[in-house]
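Undergrad: For the sequence shown, the residue numbers in the numbering used here are 14 to 322.
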Amino acid sequence: MTNYLVTGGAGFIGSNLVDELIKRGYNVITIDNFDDYYSEDYKLKNLNPKAKLYKGDITNYEFLKVVFDENKIDGVFHLAAKAGVRASVEKPGEYFNANVVGTANLLKLCSERKIKVVFASSSSVYGEVEYIPTDENHPKNPISPYALSKLHAEQLCEFYMNQYDFPVAWTRFYTVYGPRGRPDMAIAKFTKAVLKGEPIEIYGNGEQLRDFTYVSDIVQGLTKVMQLGARGCFNLGTSQKVSVNDLVKYIEEIANRKANVIYTDKKEGDVSRTMADITKARELVGYNPEYTIQSGIKEYMSWFVKNSD
Ligand SMILES: NC(=O)c1ccc[n+]([C@@H]2O[C@H](COP(=O)([O-])OP(=O)(O)OC[C@H]3O[C@@H](n4cnc5c(N)ncnc54)[C@H](O)[C@@H]3O)[C@@H](O)[C@H]2O)c1
């Protein structure tokens, strides 16, 4: 029986991954500290009862060691992190602690046991890009503490992989959305606002481009990378460019309601465009995103309607 450890398993993407791994018949162990970035109640609802949960912090090496000593682990999906770009501007120390120190702790334990690791990094490591679609070799110019912490964590991945010769992959996600989506992210906020008749706040002029990626496509990419024991860096996006204004238009069309949009100042740390070149993941691991922005929003909205109070 294969046992996978998912860090951040109570979070948005982690919980979707856990559900899929359990559906495929794997044993799943999760670690999460129920970080207060958004509500614990929300995260508790994400938990799959078939996964074995360790509540604790990845910055605590002794805690992590107990998890590794008590379980036979065949692969680690490392998703635990402080995830908000804008909040990282206010609390950079907390971001570096969770995202860099926590990653170093995990990599040490995995390198000693030669356990495969797939790490959740971010397209934000590229910063303001020189070209789109952006491939993995594009220069890295982070413009937020969050993005820099992810870049440092990637460097740790590369260091441990080379130094101890075991499979480590770092995957760069592009604005992920879907069921249980983080309440601070645009699609979750906009969908809720349109359906409840509340105003939508857009930071900047709304012409910023995002490569929105449906969560089950990310789960597909992560599991493929893990199964092949792939090494190195992979962009996991959809390779589509959608402006924030377009996003609102699609939400309006699908909800069949008009949005009340308020434009406010651009936020520090936000980049003006992202769009992934996913050729490498397609060719080396068979990654094949299935959702367009329209089909993804449709699916997300029907989940939201069923699950909102
Ligand atoms: N959502 C996106 O668009 C996106 C884009 C790029 C990268 N990512 C990365 O994907 C991963 C998952 O993101 P998400 O959107 O599901 O965020 P999330 O906040 O829902 O999930 C992260 C989980 O990690 C947990 N966590 C935080 N610090 C921890 C610590 N020190 N010890 C143990 N657990 C801790 C949190 O409680 C949370 O449940 C993160 O690494 C994030 O940086 C997400």
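C-beta atoms are modelled at their ideal positions from N, C-alpha and C, and glycine is treated no differently. Source: prediction; values computed, not measured.
(1) Three or more C-beta pairs under 8 Å: does that hold for the stretch 170-187 against the stretch 125-135?
(2) Go through its chain and collect everything with a Cβ distance to residue 204's Cβ below 8 Å, but skip five positions before and after it.
(3) Cβ-heavy atom distance between residue 289 and ligand 1 below 7 Å?
(4) When you measure from the CB of residue 50 to every non-hydrogen atom of ligand 1, does any distance come out below 7 Å?
(5) At a threshold of 7 Å, does residue 86 count as lining ligand 1 (C-beta to nearest heavy atom)?
(6) For residue 78 and residue 151, I'd like the C-alpha separation in whole angstroms.
(7) Determine whether the beta carbon atoms of residue 195 and residue 76 lie at a separation below 8 Å.
(8) Nearer than 7 Å: is that true of the beta carbon of residue 19 relative to any heavy atom of ligand 1?
(9) Can you list, in chain order, the residues of its chain whose CB lies under 8 Å from that of residue 244, leaving out five sequence neighbours each side?
(10) Do you know offhand how far residue 222's Cα is from residue 253's?
(11) For residue 165, name the three-state secondary structure that DSSP assigns.
(12) Less than 7 Å between C-beta atoms, sequence neighbours within five positions excluded: which residues of the same chain meet that for residue 165?
(13) So, using beta-carbon positions, are residue 96 and residue 115 closer together than 8 Å?
(14) What span of residues does the alpha helix (DSSP H) with residue 294 cover, start to end?
(15) Determine the direct distance from the alpha carbon of residue 58 to that of residue 319, and round the result to whole angstroms.
(16) Scan the stretch 81-139 and note each continuous beta strand (DSSP E) run of 3 residues or more that stays entirely inside, going in chain order.
(17) Let's test the definition: count the other Cβ atoms within 10 Å of the Cβ of residue 53 and tell me whether it reaches 16, buried, or not, exposed.
(18) Does DSSP put residue 186 in a helix, in a strand, or in coil?
(19) Name the residue from 65, 258, 295 whose alpha carbon lies nearest to the alpha carbon of residue 28.
(20) Do the stretch 202-220 and the stretch 142-160 touch if we need at least three Cβ pairs shorter than 8 Å?
TA: In short, the structure shows the following:
(1) The stretch 170-187 is in contact with the stretch 125-135.
(2) Cβ neighbours of residue 204 beyond the five flanking positions: 264, 268, 310, 313, 314, 317.
(3) no
(4) yes
(5) no
(6) 36 Å
(7) no
(8) If you check the C-beta of residue 19 against ligand 1, you find no heavy atom less than 7 Å away.
(9) Take residue 244, set aside five residues on each side of it, and the residues of its chain with a beta-carbon closer than 8 Å to its own are 174, 180, 181, 182, in chain order.
(10) 9 Å
(11) Here residue 165 sits in helix by DSSP.
(12) Same-chain partners within the cutoff: 113.
(13) In this structure, residue 115 does not lie closer than 8 Å to residue 96 by Cβ.
(14) 292-298
(15) 14 Å
(16) 88-91, 129-135
(17) When all chains shown are included, residue 53 counts as exposed.
(18) strand
(19) Of 65, 258, 295, the smallest CA-CA separation from residue 28 is found for 65.
(20) no
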